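Under my numbering, think of the first position of the sequence shown as 1, with each following residue one higher.
Working notes, structure below.
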Amino acid sequence: MKWLHYLFIVSLLLFSCKGQNVKNKRPTRLLTDALQREVALPDTIRQLVCIRSSAIRLVTYAGGAPLICGVEEQETRPNEFTHIFAHPDLARLPIIGPGMGGDPELIMAAGPDVIFMTSTTAGEADALQKQTGIPVFTIEYGDLGRNRPTFYNSLQLIGQVLHTEDKVDSLIGFIDEQIADLQARTAGTDKSAKVYVGGISYKGQKGITSTDPYYAALDYLEADNVASELDSTYVSPITGTYIDWEQLIDWNPDVIFIDVGGWPLVQEDFKTRQGLNRLLKAYENKQIYTLWPYNNHHSNFDVMLVNAWYAGKVLFPEHFGEITMRGKTDEIMTMFVGAPIADSLIQHWGPYQNIFDGKENHE
């Protein structure tokens with residue numbers, strides 16, 4: 001009769017496994033990602049991870065922060081990113097590997113329903129999906145300037161995956177309204193002042209000769225960004241855009257903005273070239289102002305938009321008089337990352353200010 005006993009146990013196990021498989025089977029759907037791959041996804045995403053070049057930032061913008069179940073190592077460092085300021089619990093989640101790709105075994109251990117991935121190819125995404133058995137959904141970064149449609153498309157794709165379309169539509173509408181407001185305030189104004197932005201980080205801190213000819217905050221204002229005349233062969237969104245001091249002196253901008261991400265090196269530049277400083281009109285007239293770092297582990301779109309409002313207050317004060325930077329920062333950050341974090345950012349990056357008088361400009 002022992003064999004009947006064993007048969008009974010085996011039957012129970014088989015029935016149990018079959019029941020568990022039925023229980024775990026969830027409705028799926030096919031969605032097309034940014035690289036035109038068809039990806040089978042659970043209809044409801046309960047957990048997710050993001051890998052490479054701040055995919056986590058885009059997912060947070062789209063309302064997905066509460067679903068993140070693991071993060072790449074750089075997200076656990078001291079606060080550097082607006083999405084971590086807004087959601088500090090993210091920095092305490094399990095680590096799924098180093099930046100720019102994670103670790104397949106650690107990703108599987110976190111148990112996500114989907115992996116959002118940027119800066120990749122279809123082949124790499126397919127390989128990771130096969131290795132982990134987890135759907136990999138690619139998104140592309142874009143920017144807030146010429147490649148804004150790419151940014152918007154990725155937000156909309158994330159919204160489809162997470163069913164956060166309303167959040168995404170609200171954010172896109174908000175961005176368009178902010179840019180339209182900036183443009184309307186400066187329409188028909190005198191834009192003869194020559195402007196330069198230096199100290200922009202590219203894979204680390206850079207000095208005053210690191211610039212951006214397509215700096216979106218200045219484009220919204222239709223300000224005269226002197227670097228916009230640079231030949232495109234000298235421009236790279238990956239390695240950066242650099243000039244020499246002679247070019248800066250030749251341009252001789254009326255106003256200089258410094259990205260505080262590069263401020264330590266910019267200070268060294270000014271100290272070691274004191275004779276040249278006096279040749280700069282902006283230096284002599286004390287027209288040098290700080291901006292918050294927008295290029296940190298890819299672009300901080302929320303910071304770029306806040307920077308645009310401060311640049312507007314500096315360049316066109318009569319048209320931005322009622323704007324307070326603390327209030328505008330909280331408004332923008334709440335829409336992008338879900339929390340009013342102006343005070344935290346001011347404490348971390350310092351206030352917007354003229355570098356000569358140290359006068360804060362947040363009220």
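From the three backbone atoms N, C-alpha and C, an ideal C-beta is built for every residue, glycine too.
Note that the coordinates shown come from a computational prediction; the quantities given were computed from them, not determined experimentally.
Note: L41 is bridge-paired with R29 in the DSSP secondary-structure output. By the criterion of a C-beta distance shorter than 8 Å, E165 is surrounded in its chain by Q156 and G159, once the five residues flanking it on both sides are discounted.
L248 and A311 do not touch by the CB rule: their CB atoms are close to 18 Å apart, not below 8 Å. Ranked by Cα distance from T120, the options I208, M100, G111 and A217 are led by M100.
Judged by beta-carbon spacing, Y215 lies beyond the 9 Å limit of A282, meaning their Cβ atoms are not closer than that value. Per DSSP, the beta bridge partners of G198 are I258.
In this structure, N300 places its C-beta atom within 9 Å of the C-beta atom of T82. For the set F320, F174 and L218, the Cα lying nearest the Cα of Y61 is the one of F174.
For N354, the three-state secondary structure derived from DSSP is strand. Contact annotation, E72 with G97: C-beta distance approximately 6 Å; criterion of less than 8 Å satisfied. Residue burial annotation: G188 is exposed, with fewer than 16 other C-beta atoms found within 10 angstroms of its C-beta.
For the 9 Å CB-CB criterion, I134 and D33 do not form a contact. By the Cβ-count criterion, N285 is exposed, with fewer than 16 other Cβ atoms from all chains shown falling within 10 Å of its own Cβ.
Taken in chain order, the unbroken stretches of alpha helix (DSSP H) that lie wholly in the region 268 to 302 and span 4 residues or more are 274 to 277 and 281 to 284.
For V161, the enclosing alpha helix (DSSP H) begins and ends at R148 to L162. Excluding the 5 residues flanking it on each side, P264 has same chain C-beta neighbours closer than 8 Å at Q205, in chain order.
One Cα belongs to G275, the other to Q353, and the distance between them is close to 24 Å. Excluding five sequence positions before and after F270, the CB atoms of its chain that fall closer than 7 Å to its own CB belong to N277, given in chain order.
Here G261 really is in contact with P293; their C-beta atoms are around 3 Å apart, less than 8 Å. Sequence-distant Cβ neighbours of Q74 in its own chain, meaning closer than 6 Å and more than five residues away, are G99. Closest by C-alpha distance to A339, out of L30, I107 and A65, is A65. Comparing alpha-carbon positions, the option among P149, E105 and A227 lying closest to K130 turns out to be E105. Partner residues in the beta bridge of Y242, as assigned by DSSP, are S210. Taken atom to atom, the span from the alpha-carbon of T334 to that of T209 is near 33 Å. Annotated three-state conformation of L48 is strand, per DSSP. Checking the DSSP bridge columns, you'll see M333 has no partner listed. By the neighbour-count definition (other C-beta atoms within 10 Å, threshold 16), L35 is a buried residue.
Sequence-distant Cβ neighbours of S192 in its own chain, meaning closer than 8 Å and more than five residues away, are D224.
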